[in-house]
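Have a look at the structure below before the remarks.
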Amino acid sequence: MVRTSVRVLLVEDNDHDAEIVKRMLGKYTAVNYVLERVRSTAECLDRMAVVPFDLLLLDYSLPGEDGLSFLRRLNSDGDQPPVIMLTGWGDGRVAAEAMHSGAYDYFPKNAINSQILAHAIHQALENYRWGREEKRLRQELERLAITDELTAVFNRRYMAQALERECNRARRYRRELACLMIDLDDFKTYNDIHGHLVGDVALKQVAAMISQCVRETDVVVRFGGEEFVVIMPEANQSAAMLAAERICDSIAGQGLAVGDGAVAITVSIGACTSNDDHEITPDTMLACADRNLRQAKIEGKNRVRGQPPRPAAAM
3 MVRTSVRVLL
13 VEDNDHDAEI
23 VKRMLGKYTA
33 VNYVLERVRS
43 TAECLDRMAV
53 VPFDLLLLDY
63 SLPGEDGLSF
73 LRRLNSDGDQ
83 PPVIMLTGWG
93 DGRVAAEAMH
103 SGAYDYFPKN
113 AINSQILAHA
123 IHQALENYRW
133 GREEKRLRQE
143 LERLAITDEL
153 TAVFNRRYMA
163 QALERECNRA
173 RRYRRELACL
183 MIDLDDFKTY
193 NDIHGHLVGD
203 VALKQVAAMI
213 SQCVRETDVV
223 VRFGGEEFVV
233 IMPEANQSAA
243 MLAAERICDS
253 IAGQGLAVGD
263 GAVAITVSIG
273 ACTSNDDHEI
283 TPDTMLACAD
293 RNLRQAKIEG
303 KNRVRGQPPR
313 PAAAM
């Protein structure tokens with residue numbers, strides 16, 4: 003039977019205490035503990051920069067920086083291996099501070115033996131794995147809550163937050179902001195002829211091509227049905243129109259493979275950009291982009307039209 007290997011870094015300045023820990027782990031033969039020892043927190047960081055340790059055994063009393071201060075600093079740097087703190091004496095206050103600072107366990111050195119230490123390491127590693135998995139699942143749920151299931155771009159729920167944020171920023175700092183509204187031409191007819199499964203493929207392909215044609219800072223959203231929105235922070239009229247034309251030409255130039263042939267896909271795009279004379283809001287930006295989109299449809303589809311929002315009516 004192959005034993006599990008666990009790479010442990012012991013941060014301990016006392017040679018006698020370090021030797022005791024080494025013997026304890028050596029007695030527990032169910033696990034292959036690969037133990038390294040350093041004498042200071044500075045050495046600890048140096049070793050962690052080059053070796054992926056599974057766990058740290060951290061002495062409380064260290065030269066230069068005590069274990070608690072180091073533990074807080076370590077946890078502030080993001081994802082770090084679990085830490086078990088060891089002290090030369092029992093102190094309830096230190097124990098509470100250690101756990102509050104992120105230690106997975108805490109032991110006075112005179113209160114542990116091989117079995118207790120091995121069990122504590124096993125439990126800390128299990129809790130660490132569960133914590134990472136819980137964090138991953140939580141992040142995945144958060145991602146799914148703002149992502150369109152079919153196309154994998156952002157959904158309308160996220161768009162409301164993003165557009166509100168960018169409109170506020172554009173007003174406050176007098177920054178430029180652009181918004182594109184994109185609609186697949188004759189998509190209902192397309193679905194009737196080729197079926198909804200092929201239509202879904204078309205939507206995914208269009209979403210991917212839109213994402214490829216815009217900047218990383220732009221927000222691509224499935225607005226609903228066959229409509230997409232792109233929020234473009236710091237983009238003026240020229241930049242917005244250039245991006246819209248690039249999207250339009252790219253999609254028109256690449257047909258969708260259906261059976262042995264290819265089917266043409268085109269889009270119409272309405273572009274809207276903010277201006278210094280208008281107090282932009284999400285509603286005015288979307289209404290402006292939608293109005294320009296309708297104009298593109300009226301003029302024959304497969305094209306881009308864009309004007310800034312209309313000024314507010316005089317009272």
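Going from the sequence shown to this note's numbering is simple: count from 1 and add 2. Ideal Cβ placement from N, Cα and C applies to all residues, glycine included.
From Thr149 to Arg75, what distance separates their C-alpha atoms?
The alpha-carbon atoms of Thr149 and Arg75 are separated by roughly 35 Å.
Kindly indicate the opening and closing residues of the beta strand (DSSP E) around Arg39.
Val33 to Val40 is the span of the beta strand (DSSP E), which, as asked, contains Arg39.
Quick one: give me the first and last residue of the beta strand (DSSP E) that Ile233 is part of.
That run of the beta strand (DSSP E) goes Glu229 to Pro235.
Using DSSP with H/G/I as helix, E/B as strand and the rest coil, what is Thr191?
It is helical.
Look up His18 in the DSSP assignment and say whether it is helix, strand or coil.
The answer is helix: DSSP assigns His18 an H, G or I state.
For the beta strand (DSSP E) containing Ser71, list its first residue and its last residue.
Counting along the chain, Ser71 falls outside any beta strand (DSSP E), though it belongs to the alpha helix (DSSP H) covering Gly69 to Ser78.
If we count the other Cβ atoms within 10 Å of its Cβ and call it buried at 16 or more, is Ser240 buried or exposed?
The residue in question, Ser240, is exposed, as its Cβ has fewer than 16 Cβ neighbours within 10 Å.
Which whole-angstrom value describes the C-beta separation of Phe156 and Val223, a residue pair presumed to lie in contact below a C-beta threshold of 8 Å?
Yes, they are in contact, since the Cβ atoms of Phe156 and Val223 sit about 5 Å apart, within 8 Å.
Taking the alpha carbon of Glu247 as the point to measure from, which residue in Leu258, Glu229 and Thr268 has its own alpha carbon closest?
When only C-alpha atoms are compared, the closest one is Thr268.
Could you give the DSSP three-state label for Ile267: helix, strand or coil?
Three-state result, Ile267: coil.
Using only the alpha-carbon positions, how far apart do Ile123 and Asp17 sit?
About 21 Å.
Restricting to Cα atoms, I'd like to know which of Asp56, Trp91 and Phe109 is closest to Pro84.
Pro84 has its Cα closest to that of Asp56, out of Asp56, Trp91 and Phe109.
Taking 7 Å as the limit between beta carbons, can you name the residues of its chain near Val306, skipping five residues before and five after?
Taken in chain order, the residues that qualify are Met243, Ala246, Glu247, Cys250, Ile271, Ala273 and Ala298.
Do you know offhand how far Cys215's Cα is from Leu139's?
Distance between the alpha carbons of Cys215 and Leu139: 31 Å.
Since I believe Leu73 is in contact with Leu64 (beta carbons under 8 Å), could you give me their beta-carbon distance rounded to a whole number of angstroms?
The Cβ separation is near 11 Å, so there is no contact.
Note down, in chain order, each residue of its chain lying with its Cβ closer than 8 Å to the Cβ of Arg5, except the 5 sequence neighbours on either side.
So the list reads Thr31, Ala32, Val33 and Asn34, once near-sequence residues are dropped.
Please go through the same chain and pick out, in chain order, the residues whose beta-carbon is closer than 8 Å to the beta-carbon of Glu38, but skip the five residues on each side of it.
Correct list, in chain order: Arg9, Val10, Leu11, Leu12, Arg49, Val53 and Phe55.
Are the beta-carbon atoms belonging to Leu179 and Ile282 less than 8 Å from one another?
Yes; because the gap between Cβ atoms is below 8 Å, this pair is in contact.
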